[in-house]
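In case it helps, numbering that gives the first Met the number 0 puts the sequence shown at residues 0 to 202. Before any comments, here is the structure.
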Amino acid sequence: MIINLQDKTAAKYAHRPREKPPPPAPPPQTTKQWPGHAREPTLIQELLALLAKIAVIIAAALLLFNFVYGLHYNADHGMYPSLKDGDLVMYYRWNKDYHAQDLLILAFQGEKQVRRVIATAGDTVDIREEGLIINGALQQEMDIHHKTQRYAEGIEFPLTLAENEVFVLGDAREGVTDSRIYGAIKAQDTLGSVIALLRRRNL
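Next up, the structure:
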């Protein structure tokens, strides 16, 4: 007689119930957050972030108005009536490619002044009894209320401008310090071209 050991082993353990696997461990308790939702910042963090933004804006403004733009408070009468005492002038430092009738700002003896470009490189400027003459043509300046005259202590005329030179005058024309005193100036020696004017009086 042949006894099958496998059948006997199976019969021996057939009455035993099958053991169940232990239940999985519960996940650790965490604060529920939506996907991509960061924790709300505290009041101090919000204030620090605001101060940082303000500091960046101030730094950008300082850089902008020290290297790109400039502001000038006008305190003389040399450009009256186009520019009055107390007006605020904004100028662009990087534009020095001037043409006739442009307004520019320059420094003479430590003082900033706004003046109008009358002639550029290659032009010949003369001032005679009849008035301002550019390249032999008498200038009809509709917005100028005073006659253009020479100064006894000024430069000699006629004057032909060299490369990169400009000749400037004040619109008031009488008692104004301009190229009739200090002559033609190099464009690169100016501070920039006037791009905006804020009239602070008689608005």
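Ideal Cβ placement from N, Cα and C applies to all residues, glycine included. All values derive from a computational prediction rather than experimental measurement.
Nearest candidate by alpha-carbon position, reference residue i, set the options
i, options, result
"Ile143", "Ser178, Tyr79, Ile180", "Tyr79"
"Leu70", "Ala51, Arg92, His76", "Arg92"
For residue i, three-class secondary structure by DSSP
i, result
"Lys185", "strand"
"Arg38", "coil"
"Val175", "coil"
"Lys83", "coil"
"Gln44", "helix"
"Ile154", "coil"
"Ile126", "strand"
"Ala60", "helix"
"Leu4", "In this predicted model, Leu4 has a pLDDT of only 49, less than 50, meaning its place in the structure is not dependable enough to derive any value."
Residues bridged to residue i (per DSSP)
i, result
"Tyr68", "Tyr91"
"Leu137", "Ile132"
"Arg198", "DSSP lists no partner for Arg198."
Cβ neighbour criterion (16 or more within 10 Å) applied to residue i
i, result
"Phe64", "exposed"
"Ile126", "buried"
"Val113", "buried"
"Ala58", "exposed"
"Phe166", "buried"
"Leu197", "exposed"
"Ala24", "exposed"
"Val55", "exposed"
"Ile184", "buried"
"Ala195", "exposed"
The ligand NAD heavy atom lying under 7 Å from the CB of residue i
i, result
"Lys83", "With respect to the ligand NAD, the structure shown offers nothing to examine, as it has no ligands at all."
Closer than 8 Å to chain D by CB, residue i
i, result
"Ala74", "Considering every chain present, this structure includes no chain D. It has just one protein chain."
(message) Does the contact criterion of 3 or more C-beta pairs under 8 Å hold for the segment 134-141 versus the segment 184-193?
(response) Touching, no, given that fewer than three Cβ pairs across the two stretches are closer than 8 Å.
(request) Spell out a yes or no on whether the segment 71-86 and the segment 36-53 are touching, meaning 3 or more CB-CB pairs, one atom from each, closer than 8 Å. (result) Between the segment 71-86 and the segment 36-53, the count of C-beta pairs closer than 8 Å stays below three; the two stretches do not touch.
(message) Does the structure place the segment 96-113 close enough to the segment 144-163 that three or more beta carbon pairs sit under 8 Å?
(response) Verdict: no, contact absent.
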